[in-house]
Amino acid sequence: MRMFARKFLPLLTAASLAALGAASAAAQEFTLRFNHVLAPSEPFHEGFMNWAKRVEERTNGGLKMEVFHSAQLGVEEDIIEQIRQGANVGQNTDSARLGNYVPSIAVMNGPYFVDSLEDVWKLSESPTLAKWQEELATQHGLKVVCFDWVQDFRHFFTNKPVRKPEDLSGLRIRTPPAPIWQESIRALGAAPTAMAFGDMYPALQQQAIDGVELVYANIPGGRFYEVLKYANETKHIMLINFQVVSAQWFNALPAEFQTALVEECRTAGRETSQKIAEMADAIKADLQDKGMEVVSDIDLDAFRQAGEKAYEALGITEAKNAVQAELGR
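In our numbering, the protein residues as written are 725 to 1053.
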């Protein structure tokens, strides 16, 4: 009996040590401070709160997410730089800004790149996109958790009706500073003006800009109906959002925490995206009640043709064609 015990004692000890090590890793607590620029009344904020709750429940409190709305942690570009340095912060962003690091990925926020939520879900199977995400993580420190968050179509909101690209001539339209945004708005006929999200309302009041290009859900949250008259349904960009964290921070998480963060991101993102799509008509009706006029007789063919110039200007037409081919478009 003693010989049996001696023989198996090292094995039992090794197993015990392994179990203790796993328990120790699971017992660690991690916190992700997640930043976004949107108002707390917007659907994305509720979606992020749901994501946070599910992650905490699934990890038994081992991974907590603190969600900060209205850019409370800082402007988007500054947060992304903190992420690259390994900070435990996350940011809701887009491929336009990620295109500052991997230029080709910017195609996902280019004019008329995709037409439906189904197209966006298919993108998760794209080998080309997987390669770009790997490059973001390994060379630039930016881990894409998921990109299943879609804010629906962006339109031009102005104080004059817009039906064709020529109607935008001379109008200063606020857009984010990333190259694909700037070139897209320029290609579609307007003069792009870079500006932080929170600065738009006073800029419209002071007539520093003539309009914005946003999704319907942004308008009530920012009270832009008070300073803009027309909602011009150009549908020029389906706004795909990316949730990014530090690759260094993500790689330090236990494997089960990584899985929870990614899977719950996708679930909450798709639920929120579908909810926003279903809310669009109600938001539009509410804005009309508040005095906005909807312009729907848009020459979309003319806008689509004009939008191709953005891809050409940035030299990413080939990248766009490669991903769209993988989508079967």
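Ideal Cβ placement from N, Cα and C applies to all residues, glycine included.
In chain order, what residues of the same chain have a beta carbon less than 6 Å from the beta carbon of valine 936, not counting five sequence neighbours either side? Here the question's residue 936 lines up with position 212 in the sequence shown. So the qualifying residues of the chain are Phe881, Arg898 and Met924.
Can you tell me whether threonine 783 is buried or exposed, with buried defined as 16 or more other CB within 10 angstroms of its CB? For the purposes of this step, residue 783 is taken as residue 59 along the sequence shown, with counting starting at 1. Buried, because 16 or more other Cβ atoms sit within 10 Å of the Cβ of threonine 783.
Hey, could you find the ends of the alpha helix (DSSP H) arginine 821 is sitting in? Translated into positions along the sequence shown, residue 821 becomes position 97. Boundaries of the alpha helix (DSSP H) harbouring arginine 821: 819–822, taken from the DSSP string.
Taking only the alpha-carbon atoms, compute the straight-line gap between valine 868 and leucine 841 and give it to the nearest angstrom. By one-based count along the sequence shown, residue 868 stands at place 144. By one-based count along the sequence shown, residue 841 stands at place 117. When rounded, the distance between both Cα atoms is 19 Å.
Leaving out the 5 sequence neighbours to the left and right, which residues in its chain are closer than 8 Å to phenylalanine 948 when beta-carbon positions are compared? Within the sequence shown, residue 948 is the residue found at index 224, counting from 1. Result list for phenylalanine 948: Phe881, Met924, Tyr925, Leu928, Val936, Leu938 and Asn942, in chain order.
Between the C-alpha atoms of lysine 1033 and lysine 788, what's the straight-line distance to the nearest angstrom? As a position in the sequence shown, residue 1033 is number 309, starting the count at 1. As a position in the sequence shown, residue 788 is number 64, starting the count at 1. Cα-Cα distance, rounded: 44 Å.
Can you give me the Cβ contacts of glutamate 1042 inside the same chain, cut-off strictly under 7 Å, excluding the 5 residues immediately before and after it? By one-based count along the sequence shown, residue 1042 stands at place 318. The answer is none, since no qualifying residue turns up.
Here's a check: name, in chain order, each residue in its chain whose Cβ is nearer than 6 Å to the Cβ of alanine 885, leaving out the five neighbours to either side. Within the sequence shown, residue 885 is the residue found at index 161, counting from 1. Looking at the sequence provided, one finds proline at residue 885 rather than alanine. Cβ within range, chain order: Tyr954 and Val1019.
Let me check understanding here. Comparing Cα to Cα, which of Ile829, Trp873, Ala1049 and Met962 lies closest to arginine 1039? Here residue 1039 refers to the residue found at position 315 when the sequence shown is read from its first residue. Note that residue 1039 corresponds to glycine in the displayed sequence, not to arginine. Checking every option, the nearest Cα to that of glycine 1039 belongs to Ile829.
Do glutamate 766 and glycine 993 have their C-beta atoms within less than 8 Å of each other? Taking the sequence shown and counting its residues from 1, one reaches residue 766 at position 42. Taking the sequence shown and counting its residues from 1, one reaches residue 993 at position 269. Their beta carbons are not under 8 Å apart, which means glutamate 766 does not touch glycine 993 by this criterion.
Give the DSSP-derived three-state secondary structure of methionine 1003 in the structure shown. Here residue 1003 is taken as the residue at index 279 of the sequence shown, counted from 1. Looking at methionine 1003 - three-state DSSP - the assignment turns out to be helix.
Cβ neighbours of alanine 820 in the same chain (closer than 7 Å, five flanking residues each side left out): Counted from its first residue, the sequence shown places residue 820 at position 96. So the qualifying residues of the chain are Ala830, Asn833, Pro900, Ala902, Ile904 and Trp905.
Looking only at DSSP bridge pairs, what is asparagine 833 linked to? In the sequence shown, counting from the first residue as 1, residue 833 sits at position 109. Asparagine 833 is not bridged to any residue.
Run the CB neighbour count on glycine 745, radius 10 Å, all protein chains shown included, and call it buried at 16 or more, exposed below. By 1-based counting over the sequence shown, the position of residue 745 is 21. Caution applies to glycine 745, whose pLDDT of 43 falls short of 50 and renders its modelled position unreliable; the value that the coordinates give is listed next. Label assigned to glycine 745: exposed.
Secondary structure of threonine 783, DSSP reduced to three states: For this step, residue 783 is matched to residue 59 along the sequence shown. Reduced to three states, the DSSP call for threonine 783 is coil.
Three-state class that DSSP yields for proline 889 in the structure shown: Residue mapping note: residue 889 aligns to position 165 of the sequence shown, counting from 1. If DSSP states are grouped into helix, strand and coil, proline 889 belongs with the helices.
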